[in-house]
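**Q** Handing you a structure now.
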Amino acid sequence: LPGTDLKMAEACEAPDCPLPSAQVLEETFSLFGKTHAADLQTSEGSVWCSCRICQTWREFTSQPVQYEIVTAELVAGLAQWLRLQACGRAMLAVLEVGAGSGRLSYHL
């Protein structure tokens, strides 16, 4: 579901929740060169931006804590790569370490 609404994906923690698209994330959080006014803060050697967009991103990635953002494009690309690796083989063993919620495996 490449056009999945971010609010719907964000509110759901189960592995079978719909995935947001990279485009939705880029537009929502002004990622990858999209301009926004940075409000840099420093404390004890750390630097962070406290603008509204960056604060929203921190909230999105911390509730629950996300170490990876699984998007529709990530799943499609990984699935294609796995299919290519399996081509001509009777079996392809895949080991998932630190599977977390199982969301990536579910969508694969």
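By the count of the numbering used here, the sequence shown reaches residue 108 at its end, each step adding exactly one. All C-beta atoms, glycine included, are put in the ideal place defined by N, C-alpha and C.
Going by C-alpha distance, which of Asp39, Leu104, Thr28, Gln41 is nearest Glu73?
**A** Closest option to Glu73, Cα to Cα, is Leu104.
**Q** Can the beta-carbon of Thr71 be found less than 8 angstroms from the beta-carbon of Pro18?
**A** The answer is no: Cβ separation not under 8 angstroms.
**Q** The alpha helix (DSSP H) with Gln23 in it runs from where to where?
**A** Segment 22-29, the alpha helix (DSSP H) holding Gln23.
**Q** What residues in its chain sit with their C-beta under 7 angstroms from that of Leu1, if we drop five residues either side in the sequence?
**A** Summary for Leu1: the model assigns pLDDT 38, below 50, so the residue's position carries little reliability; its value from the coordinates is reported in the next sentence. So the list reads Pro18, Leu19, Ala72, once near-sequence residues are dropped.
**Q** Here's the rule: buried if 16 or more other CB atoms are within 10 angstroms of the residue's CB, otherwise exposed. What is Val65?
**A** By the neighbour-count rule (16 or more Cβ atoms within 10 Å), Val65 is not buried but exposed.
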